[in-house]
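Heads up: the structure comes next, in structure tokens.
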Amino acid sequence: VQVLKRVEVKVKYQEDLWALKFLNFINGVNQLLFEGMTRELPVIRIGFAEDIWMVGVIDEIRMPLNENDHNPILIDTKTRTRDTLPAEPQRRNGRLQLMCYKYLWDNLVADNFPSNIFFTYFGLNPQHNLCEDLKVTNADSGFSASTLDDVVRYYRNTCRMLAPAHDQLLLRYEYQKDHSLLGEDKFTYDHDWLTNQIRSCLEFWLGEQEATYPPEDERWKCGYCQFAPVCPAYNDSKGTMGPKSNDLNIKEG
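The number in our numbering is simply the position in the sequence shown, starting from 1, with 1 added.
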């Protein structure tokens, strides 16, 4: 299966940019349904709070080989500069990302996309007249859409054709030098664990929770943190770390 042909489209307005994202989703889903696989599928949905939108790009989606199973399988491939598998904290982050994608996917197919809330939140004009490049691209894709609202209606109809993603998710690790497979991490979607992780992150991002130090076995992250020089847990003169964390869910240094 080949990836979709890339077509250069010049956009000037935010409405055109969003229309392009939705169009890429529609074309990707069509490829998934007809060819059994697609890559780099953009997804957007209100997340775990009413005023929080989550946006992402699913690396790869495949239809199961079993014809009786209609739940798409979400796959993410990580490239490694070294020919070794990552440590558990990095694998956990990969699982979190893929679970977020399943959450977004399942919510998209479960109910109608809240288009009015979307337009208001991002300050978009649904009746914006799309640029000519997009109109041509839409026509080539087999449907007529002249405004952002037209594209969103096609997007919502496309989502209605889909089934929830498979509960079994797959992380693949490849060696960057020769693209050889280093290993696979197959795991089951855990909604409760995902909810707790996202809730903790949102509390921090919204200023409802103070930052905490990473656990002892994850202190290597502090070497990549721009706040390390001013962090109470970091001793510049000795290069040692401060108190242990009492919160293993926080992953930032």
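Note that the Cβ used here is the ideal one computed from N, Cα and C, for glycine as well.
Check	Outcome
In the DSSP output, what is residue 136 paired with across the bridge?	The partner list for residue 136 (beta bridge, DSSP) is empty, contrary to what the question assumes.
If we ignore side chains and look at the alpha-carbon of each, how far apart do residue 63 and residue 159 end up?	17 Å
Could you have a look at residue 214 and say whether DSSP puts it in helix, strand or coil?	coil
I need the boundaries of the alpha helix (DSSP H) containing residue 23, first residue and last residue.	15–36
By the DSSP assignment, the alpha helix (DSSP H) with residue 162 in it spans what residues?	Per DSSP, residue 162 belongs to no alpha helix (DSSP H) and is neither H nor E.
Roughly how many angstroms separate the alpha carbons of residue 81 and residue 178, rounded to a whole number?	8 Å
Starting from residue 95, trace the alpha helix (DSSP H) in both directions and tell me its first and last residue.	89–111
Excluding sequence positions up to five away, which residues of its chain have a Cβ less than 7 Å from the Cβ of residue 99?	75, 77, 170 and 172
The beta strand (DSSP E) that contains residue 174, what's its start and end?	169–176
Who pairs with residue 10 in a beta bridge, going by DSSP?	Answer is none; residue 10 lacks a bridge partner.
Can you tell me which of 112, 101, 234 and 115 puts its alpha carbon nearest to the alpha carbon of residue 190?	101
State yes or no: is the C-beta of residue 10 within less than 8 Å of the C-beta of residue 135?	yes
With burial defined as no fewer than 16 other Cβ atoms inside 10 Å of the residue's Cβ, what is the status of residue 19: buried or exposed?	buried
Quick one: Cα of residue 193 to Cα of residue 200, how far?	11 Å
Report the option in 31, 86, 46 and 23 whose CA atom is closest to the CA atom of residue 175.	86
Taking buried to mean at least 16 other C-beta atoms within 10 Å of its own C-beta, is residue 125 buried or exposed?	buried
Is the distance from the Cβ of residue 25 to the Cβ of residue 142 below 8 Å?	no
Hey, quick one: how far does the alpha helix (DSSP H) through residue 193 stretch, first residue to last?	192–206
Run through the DSSP bridge pairs and tell me what residue 185 is partnered with.	173
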